[in-house]
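*Asks:* Okay, here's the structure, questions in a sec.
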Amino acid sequence: MNTPQTATLLIGSAKPIGDSTSEALGGYLMQRLADYGLTGETHHVARAVRSEARTAGLLAAVDRSDLFVLAFPLYVDSLPYLTVQALERIAAHRQAQENARPVRFVAIANCGFPEAHHNDTALAICRQFAAAAGLEWTGRLSMGAGTPFGGKPLEEAGGMARGVIAALDLTATALAKGDTVPDEAVAIMAKPFMPIRGYTLMGGMGWRMEGWRNGVYRQLRARPFANQSD
Numbered sequence: 019m020n021t022p023q024t025a026t027l028l029i030g031s032a033k034p035i036g037d038s039t040s041e042a043l044g045g046y047l048m049q050r051l052a053d054y055g056l057t058g059e060t061h062h063v064a065r066a067v068r069s070e071a072r073t074a075g076l077l078a079a080v081d082r083s084d085l086f087v088l089a090f091p092l093y094v095d096s097l098p099y100l101t102v103q104a105l106e107r108i109a110a111h112r113q114a115q116e117n118a119r120p121v122r123f124v125a126i127a128n129c130g131f132p133e134a135h136h137n138d139t140a141l142a143i144c145r146q147f148a149a150a151a152g153l154e155w156t157g158r159l160s161m162g163a164g165t166p167f168g169g170k171p172l173e174e175a176g177g178m179a180r181g182v183i184a185a186l187d188l189t190a191t192a193l194a195k196g197d198t199v200p201d202e203a204v205a206i207m208a209k210p211f212m213p214i215r216g217y218t219l220m221g222g223m224g225w226r227m228e229g230w231r232n233g234v235y236r237q238l239r240a241r242p243f244a245n246q247s248d
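So for the sequence shown, the working numbering puts the first residue at 19; every next one is plus one.
In structure tokens form, the structure reads like this:
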């Protein structure tokens, strides 16, 4: 396997630039790949599908890349609509080419649930996309409880990002050599950075704070329709 020289990152979150966990994850991986000598570029899905010219720019970027990385948030149990739209355009574009350039594909999913397995269906969709687009499936990373990271650089996220950084470091090293995402990196990324009970406690506190902020703290347990007949 030839070692890659170029990489393209597609941020699958529609949040403003600098505000998403997807950007934090994908951006860190791209930085590490750059440390290994890869040149790269980043596209944001909300901009990439806004006009035909920008979509053409994304398609051209994938065409000239050795490695295509998608970082996206989970929407219910799938990919965001704009991300699906972008992937459909990429697949159709490559299917129309007689001899599409070999490109390797990696998907990185994050969700707000503490368990990373909620991303499994979305990542299976990514693998199916790779097959349809003629991309070489090179692996995936799945992270739960990604909400606290926001758009903060991982280096500034403190101890909770330690495992995430380790997983991405391992992944960058492997990808730069032309290898697939290591199983060790997959396992580290999927490991919750806090116990489930801690996540539940923090979630409950956040819910009560939102109730207080919105003036409905005393109504959080209200069941206004509980006694209504069918």
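For glycine and all other residues, C-beta sits at the position ideal for the given N, C-alpha and C.
1. Would you kindly check if the distance between the Cβ of C129 and the Cβ of L88 is under 8 angstroms?
2. To the nearest angstrom, report how far apart V199 and F123 are at their CA atoms.
3. Counting pairs of Cβ atoms below 8 angstroms between the region 178 to 198 and the region 95 to 109, do you hit three or more?
4. In three-state terms, what does DSSP make of Y93?
5. Just to confirm, are F86 and S40 a CB contact at a threshold of 8 angstroms?
6. Within 10 angstroms of its Cβ, does M161 collect 16 or more other Cβ (buried), or is it exposed?
7. Less than 8 angstroms between the CB atoms is what I'm expecting for A194 and T21, so what's the real figure, rounded?
8. For F243, does the count of other Cβ atoms within 10 angstroms reach 16, so buried, or fall short, so exposed?
9. I'd like the span of the alpha helix (DSSP H) that includes H111, first residue to last.
10. Among the residues of its own chain, which have a CB less than 7 angstroms from the CB of G157, if the five just before and after it don't count?
11. On a Cα-Cα basis, can you pick out the residue from G216, S38, A142, V63 that is closest to D95?
12. Provide the residue span of the alpha helix (DSSP H) that contains L76, from first to last.
13. Grab the span of the alpha helix (DSSP H) containing T191 for me, first residue to last.
14. With a CB to CB cut of under 8 angstroms and the five nearest residues on each side skipped, what residues in its chain are close to V204?
15. Quick check on this structure: which residue in L27, L47, G30 has the alpha carbon closest to the alpha carbon of P171?
16. What are the boundary residues of the alpha helix (DSSP H) that includes V43?
17. Assuming E154 contacts P120 (C-beta within less than 8 angstroms), just tell me the rounded distance between them.
18. State the Cα-Cα distance for the pair N232 and A150, rounded to the nearest angstrom.
*Replies:* Taking the coordinates as given:
1. Taking 8 angstroms as the Cβ cut-off, L88 and C129 do not qualify as a contacting pair.
2. Spanning the two alpha carbons is a distance of roughly 10 angstroms.
3. The region 95 to 109 and the region 178 to 198 do not touch, with fewer than three beta-carbon pairs separated by less than 8 angstroms.
4. Strand.
5. No; because the gap between Cβ atoms is not below 8 angstroms, this pair is not in contact.
6. M161 comes out buried.
7. The pair is a contact, with the Cβ atoms about 7 angstroms apart (cut-off 8 angstroms).
8. Residue environment for F243: exposed (fewer than 16 other C-beta atoms within 10 angstroms of its C-beta).
9. Residue range 99 to 113 is occupied by the alpha helix (DSSP H) that includes H111.
10. Within the same chain, G157 has close Cβ partners V124, T198, V199.
11. Comparing Cα-Cα distances from D95 to each of G216, S38, A142, V63, the minimum goes to A142.
12. Segment 70 to 81, the alpha helix (DSSP H) holding L76.
13. Here the alpha helix (DSSP H) through T191 covers 180 to 194.
14. Excluding the 5 residues flanking it on each side, V204 has same chain C-beta neighbours closer than 8 angstroms at G157, R158, L159, S160, A185, in chain order.
15. Measuring from the Cα of P171, the nearest candidate turns out to be L47.
16. Checking the sequence shown, residue 43 turns out to be Leu, not Val. In the DSSP assignment, L43 falls within the unbroken alpha helix (DSSP H) covering 39 to 53.
17. Their Cβ separation, rounded to whole angstroms, is 6 angstroms, which keeps E154 and P120 in contact under 8 angstroms.
18. Between the C-alpha atoms of N232 and A150 there is a straight-line separation of about 47 angstroms.
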